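Before any comments, here is the structure.
Numbering (this note's numbering), first residue to last: 319 to 439.
Laid out in structure tokens, this is it:
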């Protein structure tokens, strides 16, 4: 009986772990990115299909539509933290890029309420 319970718990843990994005964006040095406008703009250009992508940023780009649609349900806490920090900084320091991102990823404005909730501390 203990074996069955253990295996059931193990299966649940595996399913929960698989419901999260794998280390997408976890290796991005957030401080370096926020301190380097050229690098930040390069990442945003990738996300907007206006420039080349590093493999790491391409993963973020490929995941972004689903993350927006699901309120980042599969994001790890680290991914949520990085996303919030990046969004706040881009919005504050580069409003023109922020507006381009909104127009590109949410042209109908259907994610705005959810995203504002997401950005709250």
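Even for Gly, the Cβ is constructed at its ideal location relative to N, Cα and C. Keep in mind the model is a prediction, meaning the values are calculated, not measured.
Residue 386 and residue 368 have their C-alpha atoms roughly 20 Å apart.
In this structure, residue 415 sits near residue 359, with a CB-CB distance shorter than 8 Å. Residue environment: residue 401 is assigned as buried (16 or more neighbouring CB atoms within 10 Å of its CB, all protein chains considered).
In this structure, residue 435 and residue 392 do not form a Cβ contact; the two beta carbons are roughly 17 Å apart against a cut-off of 8 Å. By the neighbour-count definition (other C-beta atoms within 10 Å, threshold 16), residue 357 is an exposed residue. Under the three-state reduction of DSSP, residue 389 is assigned to coil, being neither helix nor strand.
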